[in-house]
Amino acid sequence: MPSPDQEKTDDTGDTLDAEYKLVQPSQEPVPGMETYQSLARLLVGATILGGDELLSRVRAWEEQHSQGDGKTPSIEDETATDQLRYALVGLLFEAPETAARGVIRTAEMAESVAQSGERVLGPVLQSRLFGPVRRRGQKMQERVKTSVDRWVEVGRVEEVVGRDMAEDLTPQLLDPLVQKLGDQYIEYLRDDNPDQIQELIAGQTMGMTTEFANEVRQRTVTADSIAEKFARALLRRTPRQDLPEPPPDVQKQVTFKSVEEKREHLMQGEDND
Amino acid sequence: MTEQTLQGQYAGFVTRLMAWLIDRGIIAVVLAVTAWLVSYAMGVFGIDLSQCYATGGWQGYICWFVTFCLAIFTLVFAPLYMMIFWTFAGATPGKVAAGVRVVRMDGKPMTFRTSFRRYVGYVMSFIALGAGFLLILISDKRQGWDDKLANTCVVYSWKARQNETLIQRMTKK
Chain A
132 MPSPDQEKTD DTGDTLDAEY KLVQPSQEPV PGMETYQSLA RLLVGATILG
182 GDELLSRVRA WEEQHSQGDG KTPSIEDETA TDQLRYALVG LLFEAPETAA
232 RGVIRTAEMA ESVAQSGERV LGPVLQSRLF GPVRRRGQKM QERVKTSVDR
282 WVEVGRVEEV VGRDMAEDLT PQLLDPLVQK LGDQYIEYLR DDNPDQIQEL
332 IAGQTMGMTT EFANEVRQRT VTADSIAEKF ARALLRRTPR QDLPEPPPDV
382 QKQVTFKSVE EKREHLMQGE DND
Chain B
308 MTEQTLQGQY AGFVTRLMAW LIDRGIIAVV LAVTAWLVSY AMGVFGIDLS
358 QCYATGGWQG YICWFVTFCL AIFTLVFAPL YMMIFWTFAG ATPGKVAAGV
408 RVVRMDGKPM TFRTSFRRYV GYVMSFIALG AGFLLILISD KRQGWDDKLA
458 NTCVVYSWKA RQNETLIQRM TKK
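Top to bottom, those sequences are chains A and B. Using this note's numbering, the first residue of the first sequence is number 132, and each one after it goes up by one. Using this note's numbering, the first residue of the second sequence is number 308, and each one after it goes up by one.
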């Protein structure tokens, strides 16, 4: 950091200092900025948390699917369109890596060019003639470095605060929302569609009751045969092979296909009486 | 492919016994509740139905009258329950639960006269210490005395099937 004395004595840096003070964050908060900062913290925290969650899910999903049979389509059947599509997909996967390598190479080249330039222009820039320009450049460099350092520091602190805020606020925001939606859904089912709910519950209850009744009935049907077998053996009668078939009129009375048919049958009985 | 069922076939002794037990349970509950309600209502007026002989005056007359009515109700409730259900539904609640139905052998619907005759057969079977019911076990059409007297039979009203698991267990034994 430049000393205040240096700033006062350096005439070339005065204008720059004034500009720098304009962009320097004031110690006193600007009205309305607190809300922005709180929202920004929350946004940062939520983005980080959401990103972490998404990433963990995607990784789990990838692991799950990488255990598949990994079949690839046969190369013989590929058309030119297929190959173009595959090339684009491949490019999509390799592009970030290629771009990262390019950036690193560019940075290395820039550093090398800067070193060469310094070697060539060094004596000129170190001369008294370029003194003011050099000092101004150094000052600018220091200020940029100070700003970046401050941003890093602020970012380091704010990320932790934002993450904590998001972790605390997510249940506070989501729980009432889920509860409200749940209540609305229950109200919708209870008040607007009570018949469907009753049918659903009645259907399930009836299903269980019918299943239980049928199981008991099946057992009694079997017990009927066993009891008869036992009674016949006790009375020294020949075991019964098959029961005689009841007359069709008898069977018909328990196999009515419709309510009308049953009603007709009952009417017939009333007429006979 | 439709599965062969025993629907419409003659129902056996155990199924009918189960239906009868369910009906007796229902009748017992109804009679007990009625007796308790009447006894409670009489208690409000200071009449104890179990102490009629010790109750004097008009309260004693009412006590005896209510006890008599209760006894008559107890006697007629079971026959009426059976006959009304046989006539109008073809089955008592117990028979519905057991999945059987009373039908006439001539295919016509049940009438009150048929139901009455059937009930008489019931009573006769009881008097004979249940011999009329045991006939279900050996008769060809699984008919007891009550069925023979009223010319009725009891058939499975549901798509009845044997319980294969139970048969296998019995066969192993």
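Glycine is no exception: its CB is placed at the ideal position from the N, C-alpha and C atoms.
- Around the beta carbon of B/Asn470, 16 or more other beta carbons lie within 10 angstroms, which makes this residue buried.
- Sorting A/Glu359, A/Val255 and A/Leu304 by C-alpha distance to the C-alpha of A/Gln372 places A/Glu359 at the top.
- Straight across, the Cα-Cα distance linking A/Gln384 with B/Ile443 is about 21 Å.
- Only Val410, Arg411, Met412, Asp413, Gly414, Lys415, Pro416, Met417, Thr418, Phe419 and Arg420 from the stretch 409–425 of chain B bring a Cβ to less than 9 Å from some Cβ of chain A.
- Taking 7 Å as the CB threshold, A/Pro375 lines the interface with chain B.
- By the CB criterion at 7 Å, B/Ile474 and A/Thr351 fall outside the cutoff.
- Secondary structure at A/Thr301: helix, using DSSP grouped into helix, strand and coil.
- For B/Phe320, the nearest CB of chain A lies under 7 Å from its own CB, placing it at the interface with that chain.
- Looking only at B/Phe423, B/Thr472, B/Leu382 and B/Tyr368, the smallest Cα-Cα distance to B/Ala457 is reached by B/Phe423.
- Ranked by Cα distance from B/Ala378, the options B/Gln366, B/Trp365, B/Leu356 and B/Ala396 are led by B/Leu356.
- Counting only runs of 4+ residues, the alpha helix (DSSP H) found wholly inside the stretch 250–318 of chain A occupies 262–318, in chain order.
- Excluding its 5 nearest sequence neighbours in each direction, B/Gly406 has C-beta neighbours in its own chain below 7 Å: Tyr463, Ser464, Trp465 and Ala467, listed in chain order.
- Across the stretch 325–338 of chain A, no CB contact with chain B closer than 7 Å is found for any residue.
- Under the three-pair Cβ rule at 8 Å, the stretch 340–351 of chain B counts as touching the stretch 366–380 of chain B.
- Neighbourhood of B/Gln469 in chain A, by CB distance below 8 Å: Gln349, Val352, Thr353 and Ser356, in chain order.
- Secondary structure of A/Arg371 (DSSP, three-state): coil.
- Counting along the chain, B/Tyr317 sits inside no beta strand (DSSP E), nor does DSSP assign it H or E at all.
- The distance from the Cβ of A/Ile357 to that of B/Met477 is about 6 Å, consistent with a contact at the 8 Å cut-off.
- By alpha-carbon distance to A/Glu395, the top candidate from B/Thr312, B/Met389, B/Pro416 and B/Gly364 is B/Pro416.
- Pairing A/Gln382 with B/Gly414 gives a Cβ-Cβ distance that is not under 7 Å.
- Proximity of B/Met349 to chain A, defined by a Cβ-Cβ separation below 7 Å, is not satisfied.
- The C-alpha of A/Thr340 is placed about 29 Å away from the C-alpha of A/Tyr316.
- Partner residues in the beta bridge of B/Tyr463, as assigned by DSSP, are B/Val407.
- Interface residue (Cβ-Cβ distance to chain A less than 7 Å): B/Ile474 is classified as such.
- CA-to-CA, the gap between A/Glu239 and A/Glu184 works out to about 35 Å.
- Of the residues assessed, B/Lys402 falls on the buried side of the cut-off, its CB having 16 or more other CB atoms within 10 angstroms.
- Approximately 6 Å separates the beta-carbon atoms of A/Leu180 and A/Arg294; this is inside 8 Å, confirming the contact.
- Contact annotation: the stretch 318–328 of chain B touches the stretch 386–405 of chain B, with at least three C-beta pairs closer than 8 Å.
- For B/Met325, the nearest CB of chain A lies under 7 Å from its own CB, placing it at the interface with that chain.
- One Cα belongs to B/Gln450, the other to B/Asp330, and the distance between them is close to 19 Å.
- The alpha carbon of A/Val291 has as its nearest neighbour, out of A/Leu174, A/Glu194 and A/Met164, the alpha carbon of A/Leu174.
- Using a Cβ-Cβ cut-off of 7 Å, A/Glu359 counts as an interface residue toward chain B, since at least one Cβ of chain B sits closer than that to its own.
- For B/Gly414, the secondary structure class from DSSP, reduced to helix, strand or coil, is coil.
- Shortest Cα-Cα distance from A/Pro370 to any of A/Pro377, A/Phe361 and A/Thr178 involves A/Phe361.
- Just so you know, the alpha carbons of B/Ala339 and A/Glu346 end up roughly 30 Å apart.
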